[in-house]
Every structure is written in C-alpha cells, then in structure tokens.
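S.K.:
In the working numbering, the protein residues as written are 11 to 399.
(1) DSSP three-state label for residue 323, please.
(2) Comparing alpha-carbon positions, which option in 308, 187, 219, 302 lies nearest residue 266?
(3) From 387, 325, 250, 362, pick the residue whose C-alpha is nearest to that of residue 308; which is it?
(4) For residue 90, which residues from the same chain have a beta carbon less than 7 Å from its beta carbon, with the 5 sequence-adjacent residues on both sides left out?
(5) Can you name the residues that DSSP bridges to residue 159?
(6) Let me confirm a value: residue 208 is counted as buried when at least 16 other C-beta atoms fall within 10 Å, else exposed. Which label applies?
(7) Am I right that residue 158 and residue 132 are in contact with their C-beta atoms under 8 Å? What's the rounded C-beta distance?
(8) If you reduce the DSSP assignment to three classes, tell me which class residue 381 lands in.
(9) If I follow the unbroken beta strand (DSSP E) through residue 72, where does it start and stop?
(10) Tell me residue 46's beta-bridge partners as DSSP assigns them.
(11) Buried or exposed for residue 95, going by 16 or more other Cβ atoms inside 10 Å?
(12) On the DSSP letters alone, give me the boundaries of the beta strand (DSSP E) that residue 167 sits inside.
(13) Inspect the CB distances between the region 290 to 303 and the region 192 to 201 and report whether three or more fall short of 8 Å.
(14) Residues in the same chain with beta-carbon distance under 7 Å from residue 338, minus the five sequence neighbours each way, listed in chain order, please.
(15) Can you look up residue 97 in the DSSP assignment and give me helix, strand or coil?
(16) Along the alpha helix (DSSP H) that carries residue 193, what are the first and last residues, could you check?
(17) Residue 73 and residue 52 - do their beta-carbons sit closer together than 8 Å?
(18) Please work out which residues of its chain come closer than 7 Å, Cβ to Cβ, to residue 297, disregarding the five sequence neighbours upstream and downstream, and give them in chain order.
(19) From residue 107 to residue 331, what does the alpha carbon distance come to, in whole angstroms?
(20) Measuring straight from C-alpha to C-alpha, what distance separates residue 146 and residue 347?
(21) Pull up the DSSP beta-bridge partners for residue 315, would you.
(22) Threshold first: 4 residues or longer. Then list the alpha helix (DSSP H) segments lying entirely within the region 194 to 269, N to C.
(23) How many Å lie between residue 287 and residue 30 at the Cα?
(24) Kindly give me the distance between the Cβ atoms of residue 183 and residue 162, rounded to whole angstroms, as I take these residues to be in contact under 8 Å.
(25) Distance, Cα to Cα, residue 41 vs residue 393?
(26) For residue 391, count neighbouring C-beta atoms within 10 Å of its own C-beta (all shown protein chains included) and say buried if the count is 16 or more, exposed if not.
(27) What do you get for residue 272, buried or exposed, if any count of 16 or more other CB atoms within 10 angstroms of its CB means buried?
(28) So, residue 326 versus residue 306, is the Cβ gap smaller than 8 Å?
(29) According to the Cβ coordinates, are residue 252 and residue 212 closer than 8 Å?
(30) Under 8 Å between the Cβ atoms of residue 168 and residue 138?
(31) Just to confirm my understanding: we take residue 46, look at its own chain, exclude 5 residues before and 5 after, and list those with CB closer than 7 Å. What are they?
(32) Which residue comes first and which comes last in the beta strand (DSSP E) that contains residue 182?
(33) Which runs of the alpha helix (DSSP H) spanning at least 4 residues fall entirely within the region 332 to 388, listed in chain order?
(34) Where does residue 11 fall in DSSP's three states?
(35) Is the distance from the Cβ of residue 187 to the Cβ of residue 329 below 8 Å?
(36) Whole angstroms is fine: what's the gap from residue 244's alpha carbon to residue 270's?
Following this line, the structure appears as structure tokens:
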C-alpha cells in the first residue's frame, strides 16, 4: 500500500519552502502526494497564487476557502474557524496517512487541529523557531505539540523542540528548506528580471516586505509610515515591494504601499512575485528590508544584507549580514547607511548562512517515506534530565 502524504499550503511563502519536498513525494513510486491549497492562495487580492502550484506541475486535491474579507482580529479568528470546518471535511475525504505542514500561520493551526482530532499524524517543518513580535510564535509551538515528526533548521531549534517535550529521535535537523530553491532554480538575469517585472532597476535597488506585527496593537500603520518615510528620502534607489500577508491590519498596509507607489515613479509593488522572481530580485538588489523571515533565511545565501525592522523576527538565529533596527525612520535611515557602507559591503562575501547549504528537502522526504507510523499518534512527553535543566 502506497503511503498517502497530504501537504498543506496557505501562502506563497510556505509553498516556496515546500516545493521540493512536494516534488520528492510526487516522484517517489512508493508515495502518493495529496495537496490542499488554502488561505491566501485562493484570494484574488493576494494574487491567486494557487496557480503557481499548478504551473509547477502539481495537482491540487482540495481548494479550501477560509479567508473572510476582514483582516481584523475578529475576522482572523473567524477564518480560523472556517478553516477548521473545511479541513475536517477534506481530511475525512482524502484519508491521508500523514500530513505535512510548515511554519506558524493560523491556516496551518486550523489544519493541524483537525488532524489531531482525526488521529492523523503530522510532520511539522521549521519548528522550534521564535518570532516574539507575532502571535505566530504561540501558534508555532502549539503546532509542535500537535505534531509527531519534527524537521528543524538549526541545532538551537532542535533543542527547543525537545525542550517542549518532544522525543529526540523524532526531531530531525535538516537545515533551511528555502536554500534548496536557491540551489535548484535557474534564476533570472537582470534583463530577464526587468522584463518579467516590467520595471527597470536603478543604480541602487532594494526589495521590501513588511508584514503586520500581530502582537502589537495599533502600530502596524505607524511602523509602515516610518518605513515609507525613510525610503522616500533615498536618492537614486529603485524599490520593489512585495505585499503584506493576510494578517490583522494587512489590508491597511497594502493601501499604504499602493499610495506610496502611486506617488513614486521609482517604486513598484507586486501582490506576489513567486519564488523565481523573488529570489532573482534578492540576487540583483543591494539588500532586503522589512520584517519577513526570508531576509534571515534566504538572503544570507546570496551574501546580501538584510535590514530587519522591529520585533517580528526577534529570537531567530541570524547571519552576520542582518542589521537590526527599530521601526522608526531615524533608526531605519541609520541601518540603510550601514547597509551601503564600504565596511559592511566588504564583509558580505565572508557571510555564512546558519541555515545550511541545501539538501533539506531530500532528507525530509526520506524520513516521510521510511518512518514507522505505527502507534506514533500516542505521544509520550519527553522530560529533560535534572542535569540538562
């Protein structure tokens, strides 16, 4: 009997990390790939990114609508409820032997909650990480406790998952999945990228992604205002924006970016670049700025600087190419000065990505294929020894 493995994807970002795991499952004759696309993938507002999944040759078994039109805290909670209902039905129909999820978003929390009740084992990728400025932090660790196999990106994250009570033999250190994209995709050259974007790059270029900080009330718009003010003062710099996620206040930030772009000919915004264009942008810009995890996970592999704004990614393992700053225009301006400084630029060729050099996807697929799933759902809490504590 072939093992049915159901992969859940809710955003352009997690699909980008999951792609080669999905390909490995699809190509293995002893495995059957099932795909559920949900969340932002199905929203015209966020680019209907499920089409990118299909363009890559994957069949989507279920398209699960769960986003409501409101991005208020009430709207997000209602979306989680709709997701739980939808995943209950989808899992009952697909009957997977194992579910694969990545990260920390509310869509994934709903999926794993449904799997827990249905007694379907869960493999969780990129657990053990911390993002102290977002409620994703609590969701990620909750997903860990509802999961049965764990694939982590660094030794520090492996220890943290074990600290949460997970059995060490079920926690696998594989490295960062995003690096596999960098290794496997043939990136666009500058002319190809400009043609695809319909936007000419300038003497200086930055890639900007700024998401809401979901644990801070009434600050999303203020922080974005400070970032845009700092960017508007830059001379001879072209700006490529990717739009925020469908988190609380995300639509407010989208409107602010749209207004900024309408007033600045040197700026362009995209609801979704897709992995090929996004990574190609990193390769051709001077640096990445915002509060997205990609600035910490993928940008160091390009030996490009990252300006990490505020607390959203606080707690993650960072490369030496990351410049942390406060979400105010003076601090951001100082970080930009450092990014373009001769000394900082000279240090970048020596940067090492703490998330590894690739190969994570193959390691994940091997475990998914060979791991004994008998009795795996009934978990035993792993207590740390007194000396370890």
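Where is the CB? At the ideal position from N, CA and C, for every residue including glycine.
As the structure is a computational prediction, the values presented were derived from the model and not from experiment.
M.R.: The answer reads as follows:
(1) Position 313 of the chain shown, counted from the first residue, corresponds to residue 323. Three-state result, residue 323: coil.
(2) Locating residue 266 in the chain shown gives position 256, where the first residue counts as 1. Taking only the C-alpha atoms, the option nearest residue 266 is 219.
(3) Position 298 of the chain shown, counted from the start, is the residue given in the question as residue 308. It is 362.
(4) In the chain shown, residue 90 corresponds to position 80, counting from 1. Closer than 7 Å at the Cβ level, and outside the excluded window around residue 90, lie 116, 119, 120.
(5) Numbered from 1 along the chain shown, position 149 holds the residue referred to as residue 159. Paired residue(s): 133.
(6) The residue you call residue 208 lines up with position 198 of the chain shown. Exposed.
(7) One-based indexing of the chain shown puts residue 158 at position 148. One-based indexing of the chain shown puts residue 132 at position 122. Their Cβ separation, rounded to whole angstroms, is 6 Å, which keeps residue 158 and residue 132 in contact under 8 Å.
(8) Along the chain shown, read from residue 1 onward, the residue named residue 381 stands at position 371. Three-state result, residue 381: coil.
(9) Within the chain shown, numbered from 1, the residue matching residue 72 stands at position 62. Per DSSP, residue 72 belongs to the beta strand (DSSP E) from 72 to 74.
(10) If you number the chain shown from 1, residue 46 lands on position 36. Beta-bridge pairing links residue 46 to 18, 72.
(11) Reading the chain shown from its first residue, position 85 is the one you call residue 95. Answer is exposed; the Cβ neighbour count stays below 16.
(12) Translated into the one-based positions of the chain shown, residue 167 becomes position 157. Looking at the DSSP string, residue 167 is not in any beta strand (DSSP E); the run it does join, the alpha helix (DSSP H), is 165 to 173.
(13) yes
(14) Start at 1 with the first residue of the chain shown, and residue 338 comes out as number 328. The answer, listed in chain order, is 236.
(15) The count along the chain shown starts at 1 and reaches residue 97 at position 87. Of the three classes helix, strand and coil, the one that applies to residue 97 here is helix, per DSSP.
(16) To locate residue 193, count along the chain shown from 1; it is residue 183. Element bounds for residue 193: 188 to 194.
(17) For the purposes of this step, residue 52 is taken as the residue at position 42 of the chain shown. For the purposes of this step, residue 73 is taken as the residue at position 63 of the chain shown. In contact: residue 52 and residue 73 (Cβ atoms closer than 8 Å).
(18) For the purposes of this step, residue 297 is identified with residue 287 of the chain shown, where counting begins at 1. These residues qualify, in order along the chain: 216, 314, 315, 316, 317, 349.
(19) The residue you call residue 107 lines up with position 97 of the chain shown. The residue you call residue 331 lines up with position 321 of the chain shown. Cα to Cα, the separation comes out at about 41 Å.
(20) Residue numbering aside, residue 146 sits at position 136 when the chain shown is read from its first letter. Residue numbering aside, residue 347 sits at position 337 when the chain shown is read from its first letter. Rounded to the nearest angstrom, the two C-alpha atoms are 31 Å apart.
(21) Along the chain shown, one-based indexing puts residue 315 at 305. Its beta-bridge partners are 297.
(22) 200 to 207, 230 to 242
(23) Residue mapping note: residue 287 aligns to position 277 of the chain shown, counting from 1. Residue mapping note: residue 30 aligns to position 20 of the chain shown, counting from 1. Going by the C-alpha atoms only, they are around 17 Å apart.
(24) Sequence index remark: in the chain shown, residue 183 carries index 173 (1-based). Sequence index remark: in the chain shown, residue 162 carries index 152 (1-based). So it is a contact: roughly 6 Å between Cβ atoms.
(25) Numbered from its first residue, the chain shown carries residue 41 at position 31. Numbered from its first residue, the chain shown carries residue 393 at position 383. If I take the Cα positions, the gap works out to 34 Å.
(26) As a first step, residue 391 is located in the chain shown; it is residue number 381 there, counting from the start. Label assigned to residue 391: exposed.
(27) Within the chain shown, numbered from 1, the residue matching residue 272 stands at position 262. Label assigned to residue 272: exposed.
(28) To locate residue 326, count along the chain shown from 1; it is residue 316. To locate residue 306, count along the chain shown from 1; it is residue 296. Contact: yes.
(29) Within the chain shown, the letter at position 242 stands for residue 252. Within the chain shown, the letter at position 202 stands for residue 212. No.
(30) For the purposes of this step, residue 168 is taken as residue 158 along the chain shown, with counting starting at 1. For the purposes of this step, residue 138 is taken as residue 128 along the chain shown, with counting starting at 1. Closer than 8 Å, so yes.
(31) Residue mapping note: residue 46 aligns to position 36 of the chain shown, counting from 1. Only 16, 18, 71, 72, 74, 100 meet the Cβ criterion.
(32) Numbered from 1 along the chain shown, position 172 holds the residue referred to as residue 182. Residues 181 to 183.
(33) 339 to 349, 352 to 357, 370 to 380
(34) By 1-based counting over the chain shown, the position of residue 11 is 1. Residue 11: coil per DSSP, three-state reduction.
(35) The residue you call residue 187 lines up with position 177 of the chain shown. The residue you call residue 329 lines up with position 319 of the chain shown. Cβ atoms of residue 187 and residue 329: not closer than 8 Å.
(36) Along the chain shown, one-based indexing puts residue 244 at 234. Along the chain shown, one-based indexing puts residue 270 at 260. Answer to the nearest angstrom: the Cα atoms are 14 Å apart.
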